[in-house]
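For reference, the structure is listed below as structure tokens.
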Amino acid sequence: MAENKGMIEPFAPGQVRADGDRRLISYGTSSYGYDVRCSREFKVFTNIHSATVDPKQFDEDSFVHVEGDVCVIPPNSFALACTVEYFRIPRNVLTICLGKSTYARCGIIVNVTPLEPEWEGHVTLEFSNTTTLPAKIYANEGVAQMLFFESDEVCETSYADRGGKYQGQRGVTLPRA
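All the letters of the sequence shown, read from the start, carry residue numbers 3 to 179 under the working numbering.
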């Protein structure tokens, strides 16, 4: 379904585990889902301005912009990134994102809200470093798995019908009130 309907671009029809001689944290099609990669753009949370985190009035200065193949997340902090893949979710599908066990076993938790029917865009991913040590995230390697749930019927009101505020997002997208 994903390949036929253009749900995921770029799309890897199988598991990719290596790039030449270099081993990767796998990405691509898995048994019942799709393992996504994060791009090279990261926003790392910092509290150098002693700001209060407020989803209605989010202070963009609370993040440091980092671009690279690796992002180091400070202890007990978090970073935002976005998927390399662009998603187009059909009207009869709900998508849930879960972290990959490789990162979870290192104390790095991935958080993403569901991708609702007819949502499209690059997924903004949140990585929480729950440890007391700095933690690394690798760009262009597998970071999370998307699970797709297909309904027998289409939803009555989709994300597109509601004019959702994150529709068509590209790149790392900060909270919008």
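For glycine and all other residues, C-beta sits at the position ideal for the given N, C-alpha and C.
By DSSP's assignment, A146 forms a beta bridge with V38, G101. At the C-beta level, G30 and Q17 come within 7 Å of one another. Taken through DSSP and simplified to helix, strand or coil, A141 comes out as coil. The C-beta of H124 has 16 or more other C-beta atoms within 10 Å across all chains shown, which makes the residue buried. The continuous stretches of beta strand (DSSP E) do not include R164, which lies in the alpha helix (DSSP H) extending over residues 161–164.
Counting only the Cα atoms, T97 lies some 23 Å from R42. In this model, T54 and F80 are separated by some 15 Å (Cα to Cα). When the alpha-carbon of P77 is set against those of K167, P136, A162, G170, the nearest one is in P136. Under DSSP, T134 takes part in no beta bridge, so it has no partner. Take the alpha-carbon of T126 and the one of S64: they are about 17 Å apart. Going by C-alpha positions, R164 is about 32 Å away from N142.
If you draw a straight line from the Cα of D23 to the Cα of V145, it is about 20 Å long.
The secondary-structure analysis by DSSP pairs A106 with nothing; it has no beta-bridge partner.
A direct Cα-Cα distance of roughly 26 Å separates V72 from L117.
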